[in-house]
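With numbering that gives the first Met the number 0, letter number 106 in the sequence shown gets 105, and the count goes up by one each step, no holes.
Here is the structure we will look at.
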Amino acid sequence: MNKWKRMVLAIVSLIVLMSTVGCWNYIEIEDMSIVAGVAIDKGASDGKLLVTAEIVDTKEGSKSSQAGFKMLSLTGETMFDIVRGMISITGKKLFWSHSKAIILSEEIAREGVINIIDWYNRDTETRSDVYIFVSKEKTAQEIINLSSLTESIMAYALAQQMRFENSVSTAPVVEIWDFIDKLEASGEYAIAPLIYIHETNKIKNARVSGAAIFSMDKMIGTISGEETKYMLFANNQIKGGVLAVNDKNGKPAFSLEILSNRTKVKPVWVEGKLQMQINTLTHTGLDEVKVPEEFTNRDSKKVIEKRAGEELQKAILSVIHRVQKDYHADIFGFGELLHEQMPQTWKKIEKDWGKEFSEVEVVVNSEVIIDSSAQTSRSIKIHQKGD
């Protein structure tokens, strides 16, 4: 049975089970629409909110090997108005407790998301673990409409994708509760993964890479997928992925699989100036060798580890310096650490933390350890004719 159909059947079964135990707000399954996810844009003609809801079609899904779904789009001044309008159109109550994704257009994100997020947070039936995204395409609707091409429920496919994103680490995994916490916290800046349409052999799929940065509730810029990986290193949130290591000439030579990482960040005073000291310890496996060398001896292994540590250190510093210079946005949690470890200092600089963050000195020390080298420690050598 198709995995999407199994998911739909599981949801329906749960709802039916809940209804049979005598809930006071019992609703027949035929009287509700299960919302899997929503895309939020601005209407091209009137500038109002345009919401596209991906709704699970339980009747259609039960008749075929694919999970059924349908799209419903409506414009309005507020989220409340739009949701009520959708109920009028469908004649059914919208069931939000199984929603998995909210996709925002860049236009919406840059103008401010507080009203959208506030509505979602106040609704008693919405979930706090729904994933949030910002579309790199012109609209968010383009992403969620991929359902018609992939024949799968896009919101559930995205949720599945985010569960495995830690093994790639080129985008942050952000649930709406965490996004809201960052918006509300003093000195912190929210981020959200960027999502776009990737096409290979005329087949289109949704991909996530990079992050949108928010100041208050407005998107102010982005960082790339590669920069996001090193941001995750600084935040002690890296779970997997690959470290590419160059040879002495700057050409790609080795690929190290990230097995584990531990990052410690400590605020200190050095000669009267505030300094953030970042220490990373990364355990890896030698996954790919692109040069004709052997690495059975300890010395050559140490050379790779040293080079990997130096390159990681530079990459982490590079993304921190870029965010300091371009956005003045503390997406690394430095302010939170100051609040916890230097409360008196934090009280003095909290109001001007954006400026202070952009000027704070950062020192990074990265150590990379190669624990394993897969099944062999040498690359394949081609025998040249005449040798």
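Built from N, CA and C at the ideal position, the CB exists for glycine as well.
Asked	Found
Endpoints, the beta strand (DSSP E) within which W268 is located	251 to 269
Range covered by the beta strand (DSSP E) that runs through N364	360 to 371
M341 in three-state terms, based on DSSP	coil
One or two residues paired with D40 in a DSSP bridge	L49
Residue from I86, K350, V322, I81 with nearest C-alpha to E226	V322
Helix, strand or coil at Y195 [DSSP, three-state]	strand
Where E310 falls: helix, strand or coil (DSSP)	helix
Whole-angstrom distance between E136 and H320, CA atom to CA atom	27 Å
Reduced DSSP secondary structure (H/G/I, E/B, other) of I175	helix
Stretch-stretch touch, CB-based, cutoff 8 Å, three pairs: the stretch 186 to 201 with the stretch 274 to 292	no
Extent of the continuous alpha helix (DSSP H) to which Q160 belongs	153 to 162
Limits of the unbroken alpha helix (DSSP H) element including T227	224 to 233
Buried versus exposed call for S371 [16 or more other C-beta atoms within 10 Å across all chains shown]	exposed
7 Å Cβ cutoff, N144 in contact with chain B	Given the protein chain composition of this structure (a single chain), no chain B is represented.
For A211, three-class secondary structure by DSSP	strand
Limits of the beta strand (DSSP E) - the one that S134 falls within	130 to 134
C-alpha distance - F232 paired with S365, whole-angstrom precision	10 Å
Spatial neighbours of W345 in its chain, beta-carbon cut-off 8 Å, leaving aside the 5 residues before and after	G186, G334, L337, H338
DSSP-derived helix/strand/coil call for T74	strand
When T169, V207, Y229, N234 are compared against Y188, the one with the closest alpha-carbon	N234
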